[in-house]
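Numbering (this note's numbering), first residue to last: 137 to 927. Ideal Cβ positions, reconstructed from N, Cα and C, are used throughout, including at glycine. Only one structure is covered here, and it is reproduced in the block below.
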């Protein structure tokens, strides 16, 4: 490979001169009405090169004014701007929406972190580019510059380089412009949104095959098979000690390796092809720190390429700053394995931040080059690696590191995943269930998996311990069955998640967003840290505390914005505009759909892979709303040239009259099945006086199309997508909405309490009959109070 051809980038890093102002040792660039670059250089020389964090400064700037006065440069528009000391570069203040802000770090809503390695709970987060104060700063002063040939280098001059975001509470706009500045989030391959199997374990080839077959027998769908570090030689002293002419220090550590362990994988090529035949994508673990050593299969060729005599058996040190090393690293190691079946690499870098170029973090270099390399040949790139710094959104997916198996660690992850949106980092992948330490806890496993299914990436993982596997059948009966249902649900959610993936790529909106993105001026939105939007239609509130042993219920305090919300697990509906403390058994947690929500689900919940579905169940909630489902081939860059299809769904509700419309597909029909079955599930409708289905002007016979599933009205529609050029309308008249039977819910709740039956009768019976809340302990009363909030 040629390093320059592979890694050079065509970037628009220079701001038009007409959009910059220089005064003294300061230059201010106006990028948007609310985004300003402030540079300070002692010698008055400024940087126009792209950097590790910032790739694009060529914005269409607005009309602005500036004033040079008393050693200060004031630049901005009528409502927004910055004031900078011309001789020091200090930002005296910023103006956001007419409000003067002196402390650019106050009220910051935070961003994300490098890794959870070694943590047991909450950790400090770096700063984001949104703030309650209205202003935030991105410091790019220490970034290296990107050269035209794909290499990086220190800046020619030590300087201050800041980006001032003055977006007030328009958080989504701030993130959108950050992504324009720093590089957008790529469109992720579709397979990434299914279930991943991962485990640090020295599997044999046959053991891994047997495990995949067991998943298939249990009808548990997977999309990604991970092979952790034992794919290569690890016990180097056992295998390679005593080889003449070698340095014993070269076989001290087995973390780095590039040659398949043939004791465990006697025919790795056949193994990889077997996994492919199961419709699985393959990722393989890397620890590149120890370079290439004498025992590697490709050592001789690698050594010659690097100008080293192979006979010396000299170790070739890892050097991510050396273009020649990186050429050999990819061409002689990784490309060969990719040709044999490896789809992408899990870069498990844990060896510090130093390299041969001062300031170059090897993690950033590996992420940058691995991602770009994985994009070759017209396919979409993907890696799995830790967060390096702002700008890492360009290199998905994020590996959050080795979290301990504790409630504290689980409790931190919903908040931190949502908050990462504040620095544009939208695709975190966690070790679902926790990685190491802790103790066996079925409830914790289920709660973590519930979060995982409604998180960006659902990757089961655990450390090297024979008794710590995350396979559902290694848990108790209840937990096992719940886990299987959850993994099947994740498979069904792919059409919805993939559409949100496109929205992230196209519009910069994250799958998981904090509540304050939609309600920035609502104080309550800042006090529900562990709940989040899961795409445009759902609010999720993961349960991150164990259940009360007497009630069997765990609680989460959920803030509901104005409107009507329906729990997809319990069917309970709530009026918004308040906090509701919700109680759930281990089998579910609050996943709340807004009125008018539309959720496309795959009807296939057991197959490996993530192909565009032949059948879809469309979950529709009464109200008014629309949803446009996005589809493409899931893997290539063809979508950039129009190879994608969109299907719009719409629901309109007026009293007990509902009209649901499936609009004709727009776009490229070649990427979707020619025929498709739709099951439209009116989730909160339990009966109707009449249902009519029309295709254009043609009225369908509905006798065989209408049925009820779990009490919900369902209508089946069969479409020839390639021929359908008229909308399909389902008209429901006299619709009756589900209403909770509070008496039955009261009895069911109390019946499950693990307390004296005599006590139940004496305390709860009279309250049941009177409709008043019982006079009892708070732990028993609060689950009944929740029922009072149900519609």
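Check, Outcome
"Local conformation of residue 558 per DSSP, three classes", "helix"
"Burial state of residue 241, where buried means 16 or more other Cβ atoms lie within 10 Å", "exposed"
"Cα-Cα separation between residue 662 and residue 245, rounded to whole angstroms", "9 Å"
"Check whether residue 557 and residue 533 have beta carbons under 7 Å apart", "no"
"Own chain residues within Cβ distance below 6 Å of residue 461, not counting five before or after", "455"
"First and last residue of the uninterrupted beta strand (DSSP E) at residue 700", "700-703"
"Residues that DSSP places opposite residue 422 in a beta bridge", "483"
"Proximity winner among 862, 849, 820, relative to residue 834 (alpha-carbon distances)", "862"
"Beta-carbon proximity of residue 909 to residue 881, cut-off 7 Å", "no"
"Proximity below 7 Å, CB of residue 871 to CB of residue 821", "yes"
"Whether residue 237 touches residue 273 by CB criterion (7 Å)", "no"
"Start and end residues, alpha helix (DSSP H) containing residue 438", "435-441"
"Where residue 269 falls, given that 16 or more other Cβ within 10 Å makes a residue buried", "buried"
"Top-ranked residue by Cα proximity to residue 472, from 451, 445, 438", "438"
"Closest residue to residue 594 among 674, 581, 601 (Cα-Cα distance)", "581"
"Residue 841 (DSSP reduced to helix, strand or coil)", "coil"
"Candidates 640, 654, 205, 328: closest to residue 588 by CA position", "328"
"Selection from 464, 698, 715 that minimises the alpha carbon distance to residue 139", "464"
"Top-ranked residue by Cα proximity to residue 1011, from 804, 805, 785, 790", "No information on residue 1011 is available, as it lies outside the stretch 137 to 927 that the chain covers here."
"Rounded separation between residue 653 and residue 659 - CA only", "12 Å"
"Residue 626: first and last residue of the uninterrupted alpha helix (DSSP H) it sits in", "613-643"
"Contacts around residue 247, its chain only, beta-carbon distance under 8 Å, and the 5 residues preceding and following it disregarded", "261, 262, 263, 264, 265, 526, 555, 556, 558, 559, 561"
"Helix, strand or coil at residue 474 [DSSP, three-state]", "helix"
"Inter-residue spacing [alpha-carbon to alpha-carbon] between residue 421 and residue 579", "29 Å"
"Start and end residues, alpha helix (DSSP H) containing residue 308", "307-318"
"Spatial neighbours of residue 443 in its chain, beta-carbon cut-off 8 Å, leaving aside the 5 residues before and after", "none"
"Residues of its chain near residue 302, where Cβ-Cβ distance is below 6 Å and the 5 sequence neighbours each way are ignored", "170, 216, 230, 232, 271"
"Minimum C-alpha distance to residue 827 - residue among 568, 793, 801", "793"
"For residue 405, the three-state DSSP class (helix, strand or coil)", "helix"
"Distance between residue 496 and residue 141 (C-alpha atoms, nearest Å)", "21 Å"
"Environment of residue 524 [buried if 16+ CB atoms lie within 10 Å]", "buried"
"Length of the line joining the Cα atoms of residue 280 and residue 459", "16 Å"
"Neighbourhood of residue 368 by C-beta, 7 Å cutoff - its chain only, sequence neighbours within 5 removed", "393, 394, 395, 396, 397"
"Nonlocal neighbours in the same chain, by C-beta distance under 8 Å from residue 717, ignoring five residues either side", "691, 692, 693, 694, 918, 921, 922"
"For residue 321, the nearest candidate out of 528, 736, 808, 542 (CA to CA)", "528"
"Spatially closest choice to residue 597 from 591, 538, 626, 307, by CA coordinates", "538"
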